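*Asks:* I'd like to ask you about the structure that follows.
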Amino acid sequence: MLKVMQNLDRRYLYALLILAVALPFFFNVPMTVPATQSTESLYDKIESLPAGSFVLFGGDWSAGTRGENRPQSEVLIRHMMRKKLRFALIAFADPQGKTLMQDIAVQFQSQYGYREGVDWVNWGWRVASGQENFLKALAQDVLTTAGTDIHGAQVATLPVMQGIRTGRDFSLIIDVTGTASYQAYIQFLQGPCKVPMALGTTAVMAPEAFNYLDSGQLSGMLNGVQGAYEYEQKLGIEGRATRAGLSLSFAHLLIIGMILLGNGAMLMERRQQKRASGDRS
Amino acid sequence: MHSSFFHPVTGIARFAWYAGAVAFSVLIIFLLQLVPQRFRRYVILSATFVGGLFYALEFLLPVHLMRTKADPLHMGNFLTPYLVPFGVFTQIVFAATVGLGVINMLQVHGKRLIRRGKDSAFSLAFLISFALMLLVTLLKKVHPNAINANYYRLLFDGALQSLDATMFSVVAFYIVSAAYRAFRVRSPEATMLLVTAILVMLGQIAIGILLTSFLPKTGVWHNLRFEIIRDWILRKANAPSIRAIQFGLGIGSLAVALRIWLGLERGSYFENQG
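As you go down the protein sequences, you meet chains A and B in turn. Just so you know, we're using my numbering here: the first sequence kicks off at 3 and counts up by one. Just so you know, we're using my numbering here: the second sequence kicks off at 1382 and counts up by one.
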């Protein structure tokens, strides 16, 4: 029995994981959790911006990390819209980012009375390999470097860009990503233009980003779905992250449970073997 | 001087510039093809060196006040005005490399399909998917009606996004299986790793945080809350180690960048082509 507990067929594990992730979606169990310091700082940063401030929003994710990055993008865009901030969307890491971010902004714009071109703009996708050079140029001259939006309109002619000339005119930079794209923002835009920056990242990438939080180069951070979940609670909304929170908990508890099961069985087996060898001697 | 070349062009003149740019690019590619094989290495080396030298000098040379239309408080040197055209130029060059990548993919999969080689079914799937996505996207651009928008949505949301998300989700199954089999308390180090992993996981989920929510929000006992322990592990134990690794990586990247810039790097572009 102890051997079986240590070597369960992986198909049972897979089935348990499917249940742990899927079943919680059928139940609505509200859980109030305190926001971590990094989430709190990001919320406070956006709250402190006056209406009309301009935010550069990097959507550097694709469907692969949609589970974590989409709730983060949604909750941050909703907060910016609630605060009446202007924003520009841009993607480097993946061409999908352009379309995915456009969908989110369009989804919420009518709810907050936003109009594309007037309150927000999507600059589209730029090739990731040239991100550093593009950001260096953007810091110097936003309108010429950004060029056109995803509909082909010259961004210089759009009302949303009024008063935005150089990187120093940004009030905040946010990058939501499952990659290290935020590091180029820090090196070539945040630092040289002395603009505050925040990050939304997948839980697996977050440990690297804590260095930048400690150094003050990042003003706040959303760490995985949990970060978005905490942010939704700060905003008082029940979005994607709240719905996914219970699934996330159950999946993690399953992993912890299986680790404890395997180790418990191994330790008991060792004890039995010790006893058996003691009896023989 | 740079503003006479690098400024937005609209109207009919734009198409003349497009045609000129295409003709110029074709001429350059033609001239590059004429360069003997053994000299191509030096063309690549020169382009790399000039590109690197521009950014190095722009960063290192002293700056002074340079008023521009965009920024009256602009600081820079004589190279700074060229940052914008250089930034746009690199986007164009890299976009062209994406195009080269597409041509390469079509060549590789096309050949495999014609030869009916191993896994040619996957090549066929790639070519059909590529052609379909291209066709539907072009249709949506040229005739942006509801039908074409729905076709696009079907392929982008229904196929691409779902497949991409599925590919990534599969990792979760491997993690559960691997964690169950590999995380065993066989040594003090492994035990420490296991305890740390469990504490971080509990601090990362709502149920875990709620388990210790009865503890006070201030004082000594507050430090035993799972989310506080997780933060301590990530920020005090983990971050310094990562910082040290990043310092090493940074120095390594600098060395590699210097080798590439000065043409000292060994590799296909610098040796085999020569």
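Even for Gly, the Cβ is constructed at its ideal location relative to N, Cα and C. Quick caveat: nothing in here was measured; it's all calculated off a predicted structure.
Give the interface partners of Met1548 of chain B over in chain A, defined as CB-CB distance under 7 Å, in chain order.
*Replies:* Correct list: Gly66.
*Asks:* Determine the chain B residues that contact Gly226 of chain A at a beta-carbon separation under 8 Å, and present them in chain order.
*Replies:* Correct list: Gln1585.
*Asks:* Taking the C-alpha atoms as reference points, what is the distance between Phe1435 of chain B and Gln185 of chain A?
*Replies:* Each residue's alpha carbon lies about 22 Å from the other.
*Asks:* Do the stretch 93 to 106 of chain A and the stretch 52 to 66 of chain A meet, that is, are 3 or more Cβ pairs less than 8 Å apart?
*Replies:* Result yes; three or more Cβ-Cβ pairs closer than 8 Å.
*Asks:* Would you mind stating whether Leu248 of chain A and Met33 of chain A have Cβ atoms separated by less than 9 Å?
*Replies:* Contact flag set, yes.
*Asks:* Determine whether the Cβ of Met270 of chain A lies closer than 9 Å to any Cβ atom of chain B.
*Replies:* So, not an interface residue.
*Asks:* Rounded to the nearest angstrom, how far is the Cβ of Gln74 of chain A from that of Val178 of chain A, given a contact under 8 Å?
*Replies:* Right, their Cβ atoms sit about 5 Å apart.
*Asks:* Anything in chain A within Cβ reach of Asn1619 of chain B, meaning under 8 Å, just list it in chain order.
*Replies:* Those within 8 Å of Asn1619 of chain B in chain A are Pro209, Phe212.
*Asks:* Suppose you measure from the CA of His1603 of chain B to the CA of Ser40 of chain A; what does that come to, to the nearest Å?
*Replies:* When rounded, the distance between both Cα atoms is 18 Å.
*Asks:* Determine the chain B residues that contact Ala246 of chain A at a beta-carbon separation under 8 Å, and present them in chain order.
*Replies:* Those do not exist, as Ala246 of chain A stays about 10 Å from chain B at its closest Cβ, beyond 8 Å.
*Asks:* Are the C-beta atoms of Ala230 of chain A and some chain B residue less than 9 Å apart?
*Replies:* Output row for Ala230 of chain A: interface = no.
*Asks:* Does the beta carbon of Ser131 of chain A sit closer than 9 Å to a beta carbon anywhere in chain B?
*Replies:* Closer than 9 Å to some Cβ of chain B, the Cβ of Ser131 of chain A qualifies, so yes.
*Asks:* Please classify Tyr116 of chain A as buried or exposed, where buried requires at least 16 other C-beta atoms within 10 Å of its C-beta.
*Replies:* Per the 10 Å Cβ criterion, buried.
*Asks:* For His1490 of chain B, decide whether its Cβ has a neighbour in chain A, counting only Cβ atoms nearer than 9 Å.
*Replies:* It does not; no Cβ of chain A falls within 9 Å.
*Asks:* Just verifying my parser: in three-state terms, what is the DSSP assignment at Trp63 of chain A?
*Replies:* In the structure shown, Trp63 of chain A sits in coil (DSSP, three-state: anything other than H, G, I, E or B).
*Asks:* Evaluate Met83 of chain A with the Cβ neighbour count: other Cβ atoms within 10 Å of its Cβ, from every protein chain shown; 16 or more gives buried, anything less gives exposed.
*Replies:* By the 10 Å Cβ count, Met83 of chain A comes out buried.
*Asks:* Which partner residues does Trp122 of chain A have in the DSSP bridge list?
*Replies:* Note: Trp122 of chain A sits in a beta bridge opposite A:Phe89, A:Glu118.
*Asks:* Using a beta-carbon distance below 9 Å, is Tyr1399 of chain B in contact with chain A?
*Replies:* Chain A, which has no Cβ nearer than 9 Å to the Cβ of Tyr1399 of chain B, makes this no.
*Asks:* For a minimum of 3 consecutive residues, which ranges assigned as the beta strand (DSSP E) are wholly contained in the stretch 164 to 231 of chain A?
*Replies:* 174 to 179, 199 to 203, 222 to 225, all fully within the stretch 164 to 231 of chain A.
*Asks:* Closer than 6 Å by C-beta to Phe56 of chain A: which residues in its own chain qualify, once you throw out the five before and the five after it? Chain order, please.
*Replies:* Hits under 6 Å: Arg88, Ile166, Phe172, Ser173.
*Asks:* Using the Cβ count rule (16 or more neighbours within 10 Å means buried), how would you classify Arg1606 of chain B?
*Replies:* With 16 or more other Cβ atoms within 10 Å, it is buried.
*Asks:* What does Phe1554 of chain B touch in chain A if you count any residue whose Cβ is under 9 Å from its own?
*Replies:* Going along chain A in sequence order, the residues near Phe1554 of chain B (Cβ under 9 Å) are Arg12, Leu15, Tyr16, Leu19, Ile20.
*Asks:* Looking at chain A, is there any beta carbon in it that lies within less than 9 Å of the beta carbon of Val1517 of chain B?
*Replies:* So, not an interface residue.
*Asks:* Spell out the partners DSSP gives Gly1457 of chain B in its beta bridges.
*Replies:* For Gly1457 of chain B, which the question treats as bridged, DSSP gives the partners B:His1445.
*Asks:* Does DSSP put Gln156 of chain A in a helix, in a strand, or in coil?
*Replies:* Strand at Gln156 of chain A.
*Asks:* State yes or no: is the beta carbon of Gly69 of chain A nearer than 9 Å to at least one beta carbon in chain B?
*Replies:* Yes, contact with chain B.
*Asks:* Using a Cβ-Cβ cut-off of 9 Å, state whether Ala24 of chain A counts as contacting chain B.
*Replies:* Cβ-Cβ to chain B under 9 Å: no for Ala24 of chain A.
*Asks:* For Arg1624 of chain B, which residues in chain A fall below 8 Å Cβ to Cβ?
*Replies:* What Arg1624 of chain B touches in chain A: Asn213.
*Asks:* If you measure beta-carbon to beta-carbon, which residues of the stretch 1586 to 1599 of chain B are closer than 9 Å to chain A?
*Replies:* Of all residues in the stretch 1586 to 1599 of chain B, Ile1586, Ala1587, Ile1588, Gly1589, Ile1590, Leu1591, Ser1594, Lys1598 have a Cβ within less than 9 Å of some Cβ in chain A.
*Asks:* Cutting at 7 Å between CB atoms, please list the residues of its own chain near His1455 of chain B, excluding the five before and the five after it.
*Replies:* Met1447, Arg1448, Thr1449, listed in sequence order.
*Asks:* For Ala1502 of chain B, report the span of its alpha helix (DSSP H) as first-last.
*Replies:* Ala1502 of chain B -> alpha helix (DSSP H) spans 1501 to 1523.
*Asks:* Helix, strand or coil for Leu1643 of chain B, going by three-state DSSP, please let me know.
*Replies:* Leu1643 of chain B falls in the coil class under three-state DSSP.
*Asks:* Any beta-carbon of chain A closer than 9 Å to the one on Leu1575 of chain B?
*Replies:* Yes, contact with chain A.
*Asks:* Give me the Cα-Cα distance between Asp151 of chain A and Phe1440 of chain B, rounded to the nearest whole angstrom.
*Replies:* Roughly 29 Å separates the two Cα atoms.
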